[in-house]
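In the numbering used here, the protein residues as written are 97 to 243.
Printed below as a string of structure tokens:
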């Protein structure tokens, strides 16, 4: 039996915020600001940017371990942000934010993530804490948006 599972793990959450969709999108697409409010993110910067794509680097620190994570984020304003793994501790990673304007001042957000981690020890630590970590990150986004 292999130490590393080849199965993708998944996480999904939908929630509402009391802000217009354009304000919500701006917060989620402002990668450079992540380090100021997202737990476990000690650095966030844009490597490359076009009108519909951001290649970003995040420095993540969790359980006395630090990792660089690079993703390519393709987006359509006020509709979606798709994040694809480029480099980091994952074997594979895909995440998506979906935006839905419910009213002028209310937006529904759906966050979906699937991943597998290349290091079996990191995978064990991450999988045991994924719900708590994901919840804290989502709450940080929610607080920043509604701030």
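Note that beta-carbon positions come from the ideal geometry of N, C-alpha and C, so glycine has one too.
Query	Result
Contact check, residue 185 vs residue 163, beta carbons under 7 angstroms	yes
Enclosing alpha helix (DSSP H) for residue 125 [first to last residue]	117-125
Residue 159 (DSSP reduced to helix, strand or coil)	coil
Simplified DSSP assignment, three categories, for residue 238	helix
Neighbourhood of residue 157 by C-beta distance below 7 angstroms, restricted to the same chain and skipping five residues each side	136 and 138
As assigned by DSSP and simplified to three states, the class of residue 38	No answer is possible for residue 38: the residues shown for the chain start at 97 and end at 243.
Terminal residues of the beta strand (DSSP E) in which residue 144 lies	137-145
Reference residue 110, options 210, 196 and 166, closest by Cα	196
Close beta carbons around residue 208, own chain, < 6 angstroms, minus the five adjacent residues each side	108 and 192
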